[in-house]
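In the working numbering, the protein residues as written are 377 to 818.
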């Protein structure tokens, strides 16, 4: 059986692999502060009373047309009905079908222009517990700006990484997963051919999602880090081939209560710039001050077309809007700010940085030469030629909207995928009540 983005995975058809990756970390549900999530040990401790599960009416998740769990269920239902009709006796009622239990483990895979990332998680009362993870820089979109096609070497790298993901999903016995591909496969002339190759060689069927779906998944994955006391947030996801920008408006209320987080997205935009294509155009290894400013200007010119840009300008000027960044750029900045001897997600995720500190870090990065960036433990060789392009994109955002606070999120599309899968199964329902955090650094 082949594995689709939302269908059942056939673990028995693949060779089991060792666990590998990271695991054991509990991640809050979208809208839940990290401290509200009990660990597995706490929940299994003597005397702990398991809260009664409550079924709630929920909003429908957003999927690209013809994809997602509902579409997959309809396809599977049609196939199952046909098989049952062939096998059933000529007369008599058909046997009742047992209700499917929620999956033990859920999988979420994001194949982007630069990275291939996987999470495997188990649902918890107010979040999920990560049991396995994988991340590898594959640079799938390398050279696509010049050729319009995915290169052979880039596709080979991605396929090898996806084979690891397939083995991990099989080893964990994942029965519910959604596997997506983003900008590189959207724009490449041979994107669908590559997806077919992935299916043949790994058994995984990737779903090429729209820009709107990508933006909404980022919101779902990062909702718990939005400050509920702010009037709004500017969420951005700096990718390899595109960057998503979302205005989350918290200023309006409904009958005295805040609206659910998915309804708070006021406007969004997908910019056709990311760290890979921007660095290919302007330089990544050796970047002069003039080249850096040229990158900033290119991105700044795109922001004029952001929907309701003048309204957002006024909201930021009022001083109650903060930024929320989810990308390798901002997590790298936070790691360097915290002077980590090696990158530590648990310390980075949720970190607040002041606007002044962000400006200092961007200037510090821009002044580094390539070898210095390689030597930094939070940058390294794999990001050394891309991080300045990411800083230029961030700087363009900041110059247009000079907010006083930026929150760093080491979470994003994968977490959003897990949130929607688990909500679809009614395992739990996100409450979308984020925490403001304690300390703003800088």
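Ideal Cβ placement from N, Cα and C applies to all residues, glycine included.
Span of the alpha helix (DSSP H), counted from its first residue to its last, around residue 531 = To locate residue 531, count along the chain shown from 1; it is residue 155. Note, residue 531: alpha helix (DSSP H), 528-547.
Residue 601 in three-state terms, based on DSSP = Locating residue 601 in the chain shown gives position 225, where the first residue counts as 1. Reduced to three states, the DSSP call for residue 601 is helix.
Helix, strand or coil at residue 560 according to DSSP, with G and I counted as helix | For the purposes of this step, residue 560 is taken as residue 184 along the chain shown, with counting starting at 1. In this structure, residue 560 counts as helix in the three-state DSSP scheme.
Of all the options 628, 544, 661, which has the alpha carbon lying nearest to the alpha carbon of residue 741?
-> For this step, residue 741 is matched to residue 365 along the chain shown. With distances taken between Cα atoms, residue 741 lies closest to 661.
Please name the residue in 533, 668, 722 whose C-alpha comes closest to that of residue 743.
-> On the chain shown, position 367 is the one that residue 743 refers to. Among 533, 668, 722, the Cα nearest to that of residue 743 is on 668.
Could you tell me the distance, in whole angstroms, from the CA atom of residue 573 to the CA atom of residue 494?
-> Mapped onto the chain shown, residue 573 falls at position 197. Mapped onto the chain shown, residue 494 falls at position 118. Rounded to whole angstroms, residue 573 and residue 494 show a C-alpha spacing of 19 Å.
Do you know whose CA, among 700, 734, 558, lies nearest residue 615's CA?
-> Along the chain shown, one-based indexing puts residue 615 at 239. If you compare the alpha carbons of 700, 734, 558 with that of residue 615, the shortest gap goes to 558.
Kindly indicate which three-state DSSP category residue 491 falls into: helix, strand or coil?
-> Taking the first residue of the chain shown as 1, we reach residue 491 at position 115. Correct three-state label for residue 491: strand.
Proximity to residue 792 [Cα-Cα], best of 702, 673, 729 | As a first step, residue 792 must be located in the chain shown, where it is residue number 416. Here the closest residue by C-alpha is 702.
Shortest alpha-carbon distance to residue 769 belongs to which of 618, 698, 585, 540?
-> Start at 1 with the first residue of the chain shown, and residue 769 comes out as number 393. Out of 618, 698, 585, 540, the CA that lies nearest to the CA of residue 769 is found in 618.
Contact set for residue 717: own chain, Cβ-Cβ below 7 Å, skip 5 residues either direction | Within the chain shown, numbered from 1, the residue matching residue 717 stands at position 341. 753.
Host beta strand (DSSP E) of residue 513 (start-end) | Start at 1 with the first residue of the chain shown, and residue 513 comes out as number 137. Run containing residue 513: 503-513, per the beta strand (DSSP E) assignment.
Leaving out the 5 sequence neighbours to the left and right, which residues in its chain are closer than 7 Å to residue 540 when beta-carbon positions are compared?
-> What you label residue 540 is simply residue 164 of the chain shown in a count that begins at 1. Cβ within range, chain order: 510.
Reduced DSSP secondary structure (H/G/I, E/B, other) of residue 481 | By one-based count along the chain shown, residue 481 stands at place 105. Here DSSP, grouped into helix, strand and coil, assigns residue 481 to coil.
C-beta contact flag for residue 785 and residue 676 at 7 Å | As a position in the chain shown, residue 785 is number 409, starting the count at 1. As a position in the chain shown, residue 676 is number 300, starting the count at 1. Not a contact, by the Cβ cut-off of 7 Å.
Could you tell me which uninterrupted beta strand (DSSP E) segments, each at least 3 residues in length, are contained entirely in the segment 740-812, listed from first to last along the chain?
-> Within the segment 740-812, the complete beta strand (DSSP E) runs of at least 3 residues are 781-784.
Residue 731 beta carbon less than 7 Å from that of residue 779 | Reading the chain shown from its first residue, position 403 is the one you call residue 779. Reading the chain shown from its first residue, position 355 is the one you call residue 731. The Cβ atoms of residue 779 and residue 731 sit closer than 7 Å to each other.
Hey, residue 654 and residue 546 are a contact pair by Cβ (cut 8 Å); roughly how many whole angstroms apart?
-> Here residue 654 refers to the residue found at position 278 when the chain shown is read from its first residue. Here residue 546 refers to the residue found at position 170 when the chain shown is read from its first residue. Between the beta-carbon of residue 654 and that of residue 546 there is about 37 Å, and that puts the pair past the 8 Å contact cut.
Looking only at C-alpha atoms, which of 576, 620, 579, 549 sits nearest to residue 594?
-> The sequence position of residue 594 within the chain shown is 218, counting from 1. The shortest C-alpha to C-alpha distance from residue 594 to any of 576, 620, 579, 549 is the one to 620.
Three-state class that DSSP yields for residue 619 in the structure shown | Here residue 619 is taken as the residue at index 243 of the chain shown, counted from 1. Reduced to three states, the DSSP call for residue 619 is strand.
With residue 568 and residue 538 assumed to form a contact (beta carbons below 8 Å), what rounded beta-carbon distance in angstroms separates them?
-> To locate residue 568, count along the chain shown from 1; it is residue 192. To locate residue 538, count along the chain shown from 1; it is residue 162. Not really, about 16 Å apart at Cβ, beyond 8 Å.
Are the segment 639-653 and the segment 580-597 touching by the rule of at least three beta carbon pairs closer than 8 Å?
-> Touching, yes.
Can you tell which of 645, 603, 801, 588 has its C-alpha closest to the C-alpha of residue 836?
-> The displayed coordinates of the chain run from 377 to 818. Any statement about residue 836 would go beyond what the structure contains.
What is the DSSP secondary structure of residue 593, counted as helix, strand or coil?
-> As a working note, residue 593 is residue 217 in the chain shown. In the three-state scheme derived from DSSP, where H, G and I count as helix and E and B as strand, residue 593 is classed as helix.
Which listed residue (647, 502, 670, 665) has its alpha carbon closest to that of residue 657 | As a first step, residue 657 is located in the chain shown; it is residue number 281 there, counting from the start. With distances taken between Cα atoms, residue 657 lies closest to 670.
For the segment 651-724, list the alpha helix (DSSP H) runs that are entirely contained and at least 4 residues long, ordered along the chain.
-> Within the segment 651-724, the runs of alpha helix (DSSP H) at least 4 residues long that lie entirely inside it are, in chain order, 651-658, 665-678, 685-693, 704-713, 721-724.
What does DSSP give as the partner residues of residue 642 in its beta bridges?
-> Stepping through the chain shown from its first residue, residue 642 is reached at position 266. Note: residue 642 is not bridge-paired with any residue in the DSSP secondary-structure output.
In or out: residue 432 buried (at least 16 other Cβ within 10 Å) or exposed?
-> For the purposes of this step, residue 432 is taken as the residue at position 56 of the chain shown. Low confidence applies to residue 432: its pLDDT is 39, below 50, so where it sits in the model is not reliable, and the reading given next is rough at best. Exposed is the label assigned to residue 432, since fewer than 16 other Cβ atoms lie within 10 Å of its Cβ.
Nearest residue (CA-CA) to residue 586, options 605, 560, 756 = For the purposes of this step, residue 586 is taken as the residue at position 210 of the chain shown. Comparing Cα positions, the closest option is 560.
As assigned by DSSP and simplified to three states, the class of residue 737 = As a position in the chain shown, residue 737 is number 361, starting the count at 1. In the three-state reduction of the DSSP assignment, residue 737 falls in the helix class.
Boundaries of the beta strand (DSSP E) in which residue 608 is found, first to last residue = Within the chain shown, residue 608 is the residue found at index 232, counting from 1. Where residue 608 is concerned, the enclosing beta strand (DSSP E) starts and stops at 608-614.
Hey, would you say residue 781 sits closer than 7 Å to residue 698, going by beta carbons?
-> As a first step, residue 781 is located in the chain shown; it is residue number 405 there, counting from the start. As a first step, residue 698 is located in the chain shown; it is residue number 322 there, counting from the start. A contact, by the Cβ cut-off of 7 Å.
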